Ligand SMILES: Nc1ncnc2c1ncn2[C@@H]1O[C@H](COP(=O)(O)OP(=O)(O)OP(=O)(O)O)[C@@H](O)[C@H]1O
Ligand SMILES: [Mg+2]
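Here it is in structure tokens:
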């Protein structure tokens, strides 16, 4: 066991320039993946903000009674997807309107009576903020007594929904490309470091080292590469997002779960990359020596 | 101890490298395997440490057979066999001591034993004074001694040597041969492949001749005069 860590340590410090290049390459590959993750996070955030604004306003007939309003609120509340309701009286609506207009309030002097209808504000659960659900909910409310009109920005929501779908498609497409590209780069970089020590692997095999013993130092080293690469790129990414967010305030960094996942992903990538490389390297050495038609695959016993 | 039963070997291009070879190597003996280049010497040696396998026939080494050995038993077999090569196969990035200790480290030898065994092996091949040198600072003969120390440190029952003096000057060759005889006297069998027939004339040991993949009488290989030579 001591040997394995010694060997990992040696491998790590012996070839400083090569190791730095390896870590650098892995950092860049994982950084690009991180940029994508941060981009996706921000995209989701923007969509969430936009969807947060979606609300449904039910305009009521002028002559509605208080009991009717109470009944209506109860009925609306039972509809699937409705979180809460809030009654807004004519007076409150006017007050709200005045507040919104502020200095242009003089405009209102033009009206002698209050032209705004009473309404009920309906808060919709996040997952029901799709054009289909909103229409369904609105259709259910429409048939209730005392309802005049319903507004939930249906045109605007359809556009948003379309945009979100397109953006998601592009994002997933990009994501797949980037994930494969970074896996490819990390694998190949680690492969180079393993193959640079082919001779050593050959000798270990000849003096009777068990396969796991041959592999472990390389695997640990690969994991360290993956870990360091993802750690460094997380830091760079964090600094980058911090700088940008000074100019564009709504930009956010990945949440801590994503950071954890991200570094875990990097380490696993290092693990798989080095594991496959060293296995492939050992097999290649053996195949090359055998160089015969014998497809003699030795039984593995565990 | 080591037995070849009707062993044939075809390489990829259907080249017949060994043709129905039957051999038996006993414990503690000194064997030469002689033959021209391409005769199949290395092929025989590789089969002993199971780097390659017979196309036909069977090789038996101790309790293991080429027919039944499992992949994870090969390391265990190799711990009982020392191997040295013409090109030494030392690790260039570590010194003499570390090169020898390496063989013990990778088989999981206990930490306390590594130092003792390594120093013993180095002194056995008379290279202790250079234990901090790196391979590039050593002559061919010295490098081969390090390789022998590395092969011996695991206390194998046989040392398999593939042209061990091929890259060594006459002076070094003499020393290497002396070391090999030393080791043999202490009980380790030696199997040495060579085409340097002059080595055989002057020394003890059994000679196995190989020509075009077939076992032949040593005298037939070359106009080799082995008269007056004792086995
Ligand atoms: N991996 C291989 N693929 C194809 N042919 C091979 C391979 N290894 C050896 N051979 C052929 O098998 C024959 C025996 O090779 P081997 O290496 O055993 O000879 P050798 O007696 O050790 O020769 P040398 O004295 O040159 O080392 C040769 O003709 C060689 O060309
Ligand atoms: Mg050879």
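Residue numbers (full-length UniProt numbering), protein chains in the order written: chain R, 1 to 302; chain C, 1 to 231. Just so it is clear, CB atoms sit at the ideal spot from N, CA and C, and this is done for glycine as well. All values reported here derive from a predicted model rather than from experimental measurement.
Closest to residue i by CA distance: which of the options is it?
i: residue 117 of chain C; options: C/25, C/127, C/149; result: C/149
i: residue 152 of chain R; options: R/89, R/54, R/203, R/113; result: R/54
i: residue 61 of chain R; options: R/262, R/5, R/116; result: R/116
i: residue 126 of chain C; options: C/172, C/187, C/88; result: C/172
i: residue 1 of chain C; options: C/10, C/15, C/24; result: C/24
i: residue 146 of chain C; options: C/134, C/57, C/67, C/12; result: C/134
i: residue 20 of chain C; options: C/48, C/196, C/11, C/214; result: C/214
i: residue 90 of chain C; options: C/166, C/140, C/78, C/202; result: C/140
i: residue 315 of chain R; options: R/245, R/179, R/146, R/206; result: In this structure chain R extends from 1 to 302, so residue 315 of chain R is not present and cannot be described.
i: residue 75 of chain C; options: C/30, C/129, C/216, C/154; result: C/154
i: residue 78 of chain R; options: R/47, R/13, R/254, R/122; result: R/122
i: residue 8 of chain C; options: C/38, C/58, C/142; result: C/58
i: residue 46 of chain R; options: R/173, R/143, R/250, R/85; result: R/250
i: residue 214 of chain R; options: R/169, R/164, R/200; result: R/200
i: residue 60 of chain C; options: C/6, C/106, C/175, C/11; result: C/6
i: residue 71 of chain R; options: R/278, R/131, R/85; result: R/85
When we look at the beta-carbon of residue i and count the other beta-carbons within 10 Å, is it buried (16 or more) or exposed?
i: residue 54 of chain C; result: buried
i: residue 164 of chain C; result: buried
i: residue 115 of chain C; result: exposed
i: residue 296 of chain R; result: In this prediction, residue 296 of chain R has a pLDDT of 47, which is less than 50 and means its spatial position is unreliable; nothing more can be read from the coordinates.
i: residue 198 of chain C; result: exposed
i: residue 37 of chain R; result: buried
i: residue 260 of chain R; result: exposed
i: residue 18 of chain R; result: exposed
i: residue 205 of chain R; result: buried
i: residue 301 of chain R; result: Below a pLDDT of 50, predicted positions are generally treated as unreliable, and residue 301 of chain R, at 45, falls in that range; the measurement from the model is reported next regardless. Exposed, by the Cβ-count rule.
i: residue 197 of chain R; result: buried
i: residue 155 of chain R; result: exposed
i: residue 51 of chain C; result: buried
i: residue 283 of chain R; result: exposed
i: residue 20 of chain R; result: exposed
i: residue 280 of chain R; result: exposed
i: residue 248 of chain R; result: exposed
i: residue 288 of chain R; result: exposed
i: residue 143 of chain C; result: buried
i: residue 48 of chain R; result: exposed
i: residue 172 of chain R; result: exposed
i: residue 150 of chain R; result: buried
i: residue 14 of chain C; result: exposed
i: residue 217 of chain C; result: exposed
Kindly identify the DSSP beta-bridge partner or partners of residue i.
i: residue 150 of chain R; result: R/58
i: residue 31 of chain C; result: C/191, C/206
i: residue 23 of chain C; result: C/4
i: residue 60 of chain C; result: C/3, C/65
i: residue 87 of chain R; result: R/120
i: residue 162 of chain C; result: C/193
i: residue 225 of chain R; result: Answer by DSSP bridge pairing: none, since residue 225 of chain R is not bridged.
i: residue 290 of chain R; result: Note: residue 290 of chain R sits in no beta bridge, so no partner.
i: residue 216 of chain C; result: C/209
i: residue 16 of chain R; result: Beta-bridge pairing links residue 16 of chain R to no other residue.
i: residue 9 of chain C; result: C/18
i: residue 81 of chain C; result: C/158
i: residue 278 of chain R; result: Residue 278 of chain R pairs with nothing; no bridge assigned.
i: residue 82 of chain R; result: R/124
CB residue i to CB residue j, shorter than 8 angstroms?
i: residue 227 of chain R; j: residue 267 of chain R; result: yes
i: residue 4 of chain R; j: residue 225 of chain R; result: no
i: residue 64 of chain C; j: residue 205 of chain C; result: no
i: residue 120 of chain R; j: residue 76 of chain R; result: yes
i: residue 256 of chain R; j: residue 30 of chain R; result: no
i: residue 167 of chain C; j: residue 86 of chain C; result: yes
i: residue 303 of chain R; j: residue 274 of chain R; result: Nothing about residue 303 of chain R can be reported from this structure: the residues present for chain R run from 1 to 302 only.
i: residue 83 of chain C; j: residue 189 of chain C; result: no
i: residue 73 of chain R; j: residue 125 of chain R; result: no
i: residue 121 of chain C; j: residue 207 of chain R; result: no
i: residue 167 of chain R; j: residue 35 of chain R; result: no
i: residue 157 of chain C; j: residue 27 of chain C; result: yes
i: residue 40 of chain C; j: residue 18 of chain C; result: yes
Any C-beta of chain D sitting closer than 8 angstroms to the C-beta of residue i?
i: residue 167 of chain C; result: The structure shown has no chain D; the protein chains it does contain are R and C.
Inset, instruction - Using a Cβ-Cβ cut-off of less than 7 angstroms, give me the residues of the region 5 to 31 of chain C that come near chain R, in sequence order. - result: 10, 11, 12
Legend entry - Proximal residues, the region 200 to 219 of chain R versus chain C, C-beta separation under 9 angstroms: 200, 202, 203, 204, 205, 206, 207, 208, 209, 210, 211, 213, 214
Legend entry - Short-range partners of chain C found in the region 273 to 291 of chain R, where Cβ spacing is below 9 angstroms: Of all residues in the region 273 to 291 of chain R, those with a C-beta nearer than 9 angstroms to a C-beta of chain C are 286, 289, 290, 291, reading in chain order.
Inset, instruction - Could you name the residues of the region 78 to 103 of chain C whose beta carbon sits closer than 7 angstroms to any beta carbon of chain R, in the order they occur along the chain? - result: For the region 78 to 103 of chain C, which is checked against every Cβ of chain R, the residues closer than 7 angstroms are 78, 79, 83, 89, 91, 93, 103.
Inset, instruction - Output, in sequence order along the chain, the residues in the region 104 to 115 of chain C whose CB is closer than 8 angstroms to any CB in chain R. - result: Residues of the region 104 to 115 of chain C that bring their beta carbon within less than 8 angstroms of a beta carbon in chain R comprise 105, 106, 107, 108, 111, in sequence order.
Legend entry - Residues of the region 50 to 65 of chain C whose Cβ lies closer than 8 angstroms to any Cβ of chain R, in chain order: Those residues of the region 50 to 65 of chain C that come within reach of chain R (Cβ to Cβ, closer than 8 angstroms) are 51, 52, 53, 55.
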